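Peer 1:
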Amino acid sequence: MKVGFTLNGKAVAWQGAPITRLAAALRDDLGSTGTKIGCDAGDCGACTVLLDGRQTCACLVAMGQIEGRTIETVEGLANGAAALQASFLAHGAAQCGICTPGMLMAAAELLRRNSKPCRGEVEEALGGVLCRCTGYAKIVDAVMNVAAAPPRAPTTGAAVGARLVRVDGLPKVTGREAFGADAVPADALWIRVVRSPHARARFALGDLAPLRQRLAAVLTAADVPFNGYGIYPDIKDQPVLADGVVRYRGEAVVALVGDRRAVLSIRDEDVPIAWLPETPVMGIAAATADGALLVQADKPGNLLLEGGVRRGKVAEAFAAAAAVTEGVFETAFVEHAYIEPEAGWAVRVGDRLEIHASTQTPYMDRDEVASIMRLRPEAVRIVPTACGGGFGGKLDLSVQPLLALAAWALGRPVAFVYTRPESMAASTKRHPSRIAAKFGCDAAGKLLACEVTASFDTGAYASWGPTVANRVPVHAMGPYHVPNVATWGEAFFTNGPPAGAFRGFGVPQAAIAHEAMMDALADKLGIDRLEFRHLNALRAGDSTATGQTLAHSAGLAQCLDALRPHWRKAHQEVAAFNRSGGAKRRGVGIGCMWYGIGNTSMSNPSRMRIGLSPAGTLTLYSGAVDIGQGSNTILSQIAADALGLPVGRIALVAGDTDLTLDAGKTSASRQTFVSGKAAERAAADLRRQILRLANAGTDAALSLDGAVLAVRDGGEVRTIDLAQAGPLIGDGSFDPPTTPLDADGQGIPYATYAFAAQIATVEVDLELGTVKVLRVVAAHDVGRAINPALVEGQIEGGIAQGLGLALMEEYLPGRTENLHDYLIPTVGDVPEIECILIEDREPLGPSGAKGVGEPGLVPTAPAILGAVQHATGVRATRLPLLPHRLREAIVAAEITP
Amino acid sequence: MAAYHRPRSLGEALTALAAPHVVLAGGTDFYPARVGRAIDEDVLDIGGIAALRGITEDAAGWRLGATTTWSELIEADLPPLFDGLKQAAREVGGRQIQNVGTIAGNLCNASPAADGVPCLLALDAAAEIAGPTARRLPLGDFVTGARQTALQPGELLAAIHVPRPARPARSGFLKLGARRYLVISIAMAAAVVEFERDRVAAARVAVGACSPVARRLPALEAALIGSGRKQLAARVDAAQLAPLSPIDDVRGSAAYRRDAVVVLLRRLLEGLAS
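Protein chains in written order, with numbering that gives the first Met the number 0: chain A, 0 to 896; chain B, 0 to 273.
(1) With S86 of chain A as the anchor, note down where its alpha helix (DSSP H) starts and where it stops.
(2) Is the distance from the Cβ of L880 of chain A to the Cβ of A759 of chain A below 8 Å?
(3) For the alpha helix (DSSP H) containing R260 of chain A, list its first residue and its last residue.
(4) Does I183 of chain B get closer than 8 Å to chain A when you measure Cβ to Cβ?
(5) If we count Cβ pairs, one from each stretch, closer than 8 Å, do we get three or more for the region 137-149 of chain B versus the region 205-220 of chain B?
(6) Is the Cβ-Cβ distance between L304 of chain A and A468 of chain A less than 8 Å?
(7) Decide if the region 77-93 of chain A is in contact with the region 119-132 of chain B; the criterion is three or more beta carbon pairs, one per stretch, under 8 Å apart.
(8) Beta-carbon within less than 7 Å of A695 of chain A's beta-carbon, same chain only, minus the 5 sequence neighbours each way: which residues are those?
(9) Cβ atoms of V2 of chain A and S635 of chain A: under 8 Å apart, would you say?
(10) Using a Cβ-Cβ cutoff of 7 Å, what residues of the region 215-236 of chain B are near chain A? List them in chain order.
(11) Are the Cβ atoms of I526 of chain A and G444 of chain A separated by less than 8 Å?
(12) Determine which residues share a DSSP beta bridge with R644 of chain A and list them.
(13) Where are the alpha helix (DSSP H) runs, 4 residues long or more, that stay fully inside the region 52-77 of chain B, in chain order?
(14) Could you please give the first and the last residue of the uninterrupted beta strand (DSSP E) stretch that includes D364 of chain A?
(15) Report the rounded CA-to-CA distance for A414 of chain A versus P170 of chain A, giving the unit in angstroms.
(16) I'd like to know if S264 of chain A contacts chain B, where contact means its C-beta is closer than 8 Å to some C-beta of that chain.
(17) Using the Cα positions of G156 of chain A and L619 of chain A, report the straight-line distance between them to the nearest angstrom.
(18) Once DSSP output is grouped into helix, strand and coil, what is the label at C107 of chain B?
(19) May I ask you to verify whether the region 853-868 of chain A touches the region 748-758 of chain A, counting CB pairs closer than 8 Å and requiring at least 3?
(20) Might you give, ordered along the chain, the residues of its own chain that have their beta carbon closer than 6 Å to the beta carbon of L264 of chain B, omitting 5 neighbours on each side?
(21) Find the residues of chain A that neighbour G92 of chain B, judging by a C-beta separation of less than 8 Å, and give them in chain order.
(22) In chain A, which residues lie with their C-beta within 9 Å of the C-beta of G64 of chain B?
(23) Please determine if the region 474-492 of chain A and the region 255-270 of chain A are in contact, where contact requires at least 3 C-beta pairs separated by less than 8 Å.
(24) Please report the residue range of the beta strand (DSSP E) in which T457 of chain A lies.
(25) Which chain B residues are close to D820 of chain A, counting only those with a beta carbon under 9 Å from its beta carbon?
(26) Are any of the Cβ atoms in chain A nearer than 8 Å to that of R179 of chain B?
(27) Compare the Cα-Cα distances from R680 of chain A to each of A:G663, A:S605, A:G629 and A:I719 and report the closest residue.
(28) Roughly how many whole angstroms lie between the Cα atoms of V857 of chain A and I596 of chain A?
(29) Below 8 Å on the Cβ atoms is my guess for D828 of chain A versus R178 of chain B; work out the distance and round it to an integer in Å.
(30) Report back the beta-carbon spacing between I785 of chain A and I637 of chain A to the nearest angstrom; my notes put them in contact at under 8 Å.
(31) Is the separation between the beta-carbon of E762 of chain A and that of K523 of chain A shorter than 8 Å?
(32) Going by the CB atoms, is the gap between A448 of chain A and V481 of chain A shorter than 8 Å?
(33) At least one CB of chain B closer than 8 Å to the CB of G782 of chain A: is that the case?
(34) Which bits of chain B does T69 of chain A rub up against, with CB to CB less than 9 Å?
(35) Would you say P420 of chain A lies against chain B (beta-carbon separation less than 8 Å)?
(36) Pull up the DSSP beta-bridge partners for T718 of chain A, would you.
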């Protein structure tokens with residue numbers, strides 16, 4: 000069928016099946032890949048376009064319906080909404096950028112009707128577009144203040160500390176950014192995977208020959224050279240394709256490869272698989288029960304890993320304590336819900352493989368794919384595409400192994416794009432936890448002892464489970480000085496989805512427990528909850544439970560000092576509100592956190608290069624992947640100041656394993672601290688070379704004009720002709736100093752720690768059990784804010800995810816595998832957020848900076864749950880605190896308005 | 000290749016329906032049910048049929064064409080009788096969904112949590128069915144179960160009729176969900192109340208997401224008759240919820256739903272009294 004319509008002001012004639020989704024036609028046939036697909040079900044709004052001027056999900060419109068109509072996409076915005084796009088850039092409203100086109104279109108529709116919308120009108124207009132990165136704060140600001148002037152470009156030497164507009168921001172607001180599914184070669188074959196509908200089963204494959212005749216390939220476990228992968232070098236327990244046994248619902252079984260339409264038209268039931276379902280082991284209790292079935296035959300007791308931290312004399316300390324409190328807290332599987340489902344494509348180039356995919360960790364992908372393919376690592380090139388959100392979920396392999404297998408075998412480009420349900424079923428999750436905590440303090444409120452056992456459901460495969468089980472015992476006492484400590488972490492296999500890395504590696508779950516303990520002890524002694532924390536806060540000079548002395552940069556007390564006026568004001572306001580009675584009751588809560596930056600007691604180096612070419616191009620070669628958090632910008636700012644040239648001169652080559660050095664993973668809040676330090680050293684190395692060439696002193700000022708580098712030293716100017724002297728390359732690396740932990744968990748697990756405290760004000764509907772978070776004030780010790788706008792973006796986004804963890808998010812295999820049953824916060828759910836940045840310099844970090852990627856999320860849930868308790872008297876012990884759970888607890892506690 | 004018909008007239012549509020087709024209008028339920036697979040069903044797209052679109056009014060009441068979108072309803076000039084339905088329309092998905100999703104589609108999809116159904120039950124609406132024999136059914140007889148309607152092969156929901164009440168009426172709708180936007184209801188309540196000299200002369204109240212199909216609550220409706228404005232909420236009693244059969248699901252427990260519905264009803268009626 001032929002369809003004629005207007006696309007961004009131009010007449011278009013399209014031909015194809017009329018039932019084709021508009022979103023697909025735009026992307027696949029009309030080159031408008033600025034329109035993103037997040038769910039194909041109208042749940043996320045990423046594909047929002049204007050249809051006859053009204054915002055519409057392009058995934059829900061049939062091409063047969065648009066004859067004679069007008070479509071506007073992000074690519075057409077430059078004609079009229081350039082100011083809106085500029086505002087998104089200026090406000091830092093785009094992080095990963097995957098939701099940005101949809102947000103822009105929704106906002107453009109509003110602004111045409113109403114050029115000065117209020118906050119409520121903006122929320123109404125944007126309510127149908129989900130963002131997982133920003134917490135919406137800067138998006139709402141950008142729409143409300145389109146005319147605001149952009150921040151000025153910093154002068155030379157003043158890039159660090161500036162609210163520099165993200166260096167990679169422009170393509171995110173024009174729709175030109177290429178995510179995993181956006182630059183697939185036109186002749187690519189397509190992969191579709193048949194996944195297990197059972198959490199635990201044996202299976203036998205029938206005759207696949209008929210399918211193989213119709214398709215380019217039908218891949219099974221037998222086709223995988225080394226059918227096991229995993230994060231740890233000694234735990235390669237997850238098969239690329241299941242071999243007769245499946246251990247979780249969503250596990251890959253058969254991969255169909257062929258023409259896109261052909262693979263999509265084959266239904267799961269058309270693939271001959273004889274299933275023998277077995278009773279799955281679900282949850283920690285089932286996994287640890289006597290006689291429990293084993294999830295992995297060689298893992299007795301379903302135990303992945305256990306270990307702890309011991310210091311002092313815990314039993315004696317508890318016996319001497321004036322107040323002791325205990326509690327058990329449980330959390331659920333939580334889905335990353337990045338708006339970009341896993342996607343990529345691969346091609347074989349001679350005896351090498353090139354994989355273009357959305358990832359957080361190119362070098363690990365390279366080595367893991369090489370292991371699976373039994374190739375040398377150098378035979379694999381990973382070219383990260385733009386990453387539409389990761390949050391830890393794109394630290395594990397997803398599309399890469401099957402892309403590699405198919406591209407290698409078939410010699411043609413091959414693409415693989417997960418559907419939303421596939422992404423949710425197949426990918427890793429936050430570990431469900433059961434945390435039993437006991438804390439005691441003396442009569443003055445000084446903490447004496449703590450005992451915490453954190454048990455985790457690590458799902459079917461190890462993934463990052465060991466990382467969680469290792470990290471949590473170190474953090475489980477909270478950011479406090481506790482002289483007597485016994486913490487324990489343990490992770491058990493179940494037939495749930497593999498639990499992996501998710502913003503915080505188990506620390507958010509642990510914080511829910513230790514912060515409840517702080518509230519309970521403070522209440523017992525009649526001490527203000529903030530002051531109780533202030534009294535016990537770890538400070539520079541204190542020893543941690545692992546015996547590490549914190550020499551510098553332990554800014555929790557400063558964070559609490561900054562929050563104190565907000566805390567008191569919030570208490571007064573809440574008390575005034577509650578005096579009026581009624582079904583709505585308000586409360587204020589506080590949460591504190593600490594977080595070790597980088598790997599736990601393991602080397603995690605980063606290496607950076609920066610070069611000046613003979614033509615005078617200044618390029619930072621960074622193997623760090625910017626997944627939206629802003630490392631491209633941060634590293635550029637650090638390098639610019641260390642070198643002494645304007646940040647605007649730096650071009651960036653990022654991620655490609657053929658062109659950059661290994662900068663490690665984008666995880667553990669480490670890129671600013673670790674890669675930032677490497678970038679600083681690389682730039683300082685380049686500067687040293689320049690000064691040596693110019694025979695200039697260390698204070699000399701540099702300037703670059705074409706290929707001529709001028710070095711002004713005092714009154715004297717020397718020039719270097721790069722055409723002659725270039726290329727000049729600076730090299731820098733950094734590996735944070737740590738030591739292994741001994742059997743009692745003693746040692747130096749991290750080189751530095753982030754600290755933070757947040758207060759939340761909530762309104763609880765006592766009769767319905769609903770919670771509305773009204774306001775969050777967040778104080779974070781970041782060492783030094785390299786770019787305050789980006790730091791705020793991390794905090795605001797973390798708060799939104801923490802709110803989801805506390806109140807609404809629960810992944811249930813087979814039941815919440817889409818974005819309408821699995822709820823993440825919308826623009827209407829995230830409160831007003833005020834960020835306070837505390838800069839207690841970390842001497843090891845670049846310009847004193849630490850990390851902030853994960854810390855934003857950690858204190859939020861504890862603060863909200865404390866506020867709910869303040870409002871109602873109910874302390875949540877099972878998360879998420881869905882309305883029915885809170886209401887049932889309110890009824891049980893006989894609390895009435 | 001599967002067939003795709005987009006007729007311009009109802010007659011053409013009914014001719015096409017002589018063979019089985021999946022009916023497509025706003026696409027907001029059609030496409031989500033077909034994620035990640037080729038679409039191979041024969042489709043009848045009724046979006047191009049002018050006779051199915053728009054809202055008209057006569058002495059007997061209003062006719063809402065089947066493909067009237069939620070946004071068209073929100074923007075239509077309608078009396079306070081429709082306030083509840085408009086409130087529901089604003090809670091259906093986000094703006095994107097409201098701009099293309101249709102009222103009839105909401106009924107034909109027949110989800111237990113369909114936001115439009117309790118309101119239309121409270122409006123005493125009827126379904127106008129086109130087919131080999133045109134017929135009309137009270138809404139309560141049209142939606143027959145979870146994901147089930149009374150539509151027979153060859154039939155199409157052509158419009159929804161809302162009768163003009165005997166007296167000036169007010170209406171309202173309350174939805175309970177676990178987040179602000181884009182949320183499937185845990186429970187919802189809709190009511191239409193007709194007053195005469197500040198006393199309730201007639202009342203129709205319905206609850207959704209607490210039974211396979213939204214249900215009217217006749218005992219509550221009877222209890223409201225004769226009530227003064229200020230006493231409306233006090234006449235709600237849990238015993239009136241007998242027609243409901245809530246279940247435990249991922250959004251809430253059955254017990255919670257029973258409990259919450261009482262609160263929703265009281266608040267809804269309180270709102271109508273003011």
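Beta carbons: idealized from backbone N, C-alpha and C, even for Gly.
These figures come from a predicted structure and were not determined experimentally.
Peer 2: For this structure:
(1) Taken as a continuous stretch (DSSP letters only), the alpha helix (DSSP H) holding S86 of chain A covers A81 to H90.
(2) No, the Cβ-Cβ distance between L880 of chain A and A759 of chain A is not below 8 Å.
(3) Where R260 of chain A is concerned, the enclosing alpha helix (DSSP H) stretches over R259 to S264.
(4) Yes, I183 of chain B lies at the interface with chain A (some Cβ there is under 8 Å from its Cβ).
(5) Verdict: yes, contact present.
(6) Result yes, Cβ atoms of L304 of chain A and A468 of chain A sit closer than 8 Å.
(7) The region 77-93 of chain A, when compared against the region 119-132 of chain B, does not touch it at the 8 Å Cβ threshold.
(8) Same-chain partners within the cutoff: V710, D712 and R717.
(9) The Cβ atoms of S635 of chain A and V2 of chain A do not sit closer than 8 Å to each other.
(10) Listed by position along the chain: nothing, the set is empty.
(11) Between I526 of chain A and G444 of chain A, the gap from beta carbon to beta carbon is short of 8 Å.
(12) As written in the sequence, residue 644 of chain A is Leu, which differs from the Arg given in the question. Residue pairing from DSSP leaves L644 of chain A without any beta-bridge partner.
(13) Listed in chain order, the complete alpha helix (DSSP H) runs (minimum 4 residues) inside the region 52-77 of chain B are 69-74.
(14) D364 of chain A -> not in any beta strand (DSSP E); alpha helix (DSSP H) instead, spanning P361 to M372.
(15) Taking the straight line from one Cα to the other gives about 23 Å.
(16) Interface annotation, S264 of chain A: in contact with chain B, CB-CB separation under 8 Å.
(17) Near 17 Å, if we compare the C-alpha coordinates of L619 of chain A and G156 of chain A.
(18) It is helical.
(19) When Cβ pairs closer than 8 Å are counted between the two stretches, the region 853-868 of chain A is seen to touch the region 748-758 of chain A, the count reaching three or more.
(20) For L264 of chain B, the CB contacts under 6 Å within the same chain, skipping 5 residues up- and downstream, are A188 and V235 in chain order.
(21) Neighbours of G92 of chain B in chain A, taken as residues whose beta carbon is under 8 Å from its own, are G41 and G127 in chain order.
(22) The premise fails here: G64 of chain B is roughly 16 Å from chain A at the closest Cβ pair, so nothing lies under 9 Å.
(23) No: fewer than three Cβ pairs fall under 8 Å.
(24) Where T457 of chain A is concerned, the enclosing beta strand (DSSP E) stretches over L446 to G458.
(25) Correct list: I183, V249 and R250.
(26) Yes, R179 of chain B lies at the interface with chain A (some Cβ there is under 8 Å from its Cβ).
(27) Nearest of A:G663, A:S605, A:G629 and A:I719 to R680 of chain A, Cα basis: A:S605.
(28) Going by C-alpha positions, V857 of chain A is about 14 Å away from I596 of chain A.
(29) Going by Cβ atoms, the distance from D828 of chain A to R178 of chain B rounds to 5 Å, so yes, they are a contact pair.
(30) The Cβ separation is near 6 Å, so the contact holds.
(31) At a Cβ-Cβ threshold of 8 Å, E762 of chain A and K523 of chain A do not count as neighbours.
(32) For V481 of chain A and A448 of chain A, yes; Cβs fall inside 8 Å.
(33) G782 of chain A does not count as touching chain B.
(34) Going along chain B, no residue has its Cβ under 9 Å from T69 of chain A, so there is no contact; the nearest lies around 14 Å.
(35) Yes, because at least one Cβ of chain B sits closer than 8 Å to the Cβ of P420 of chain A.
(36) In the DSSP output, where bridge partners are listed per residue, T718 of chain A has A:A709.
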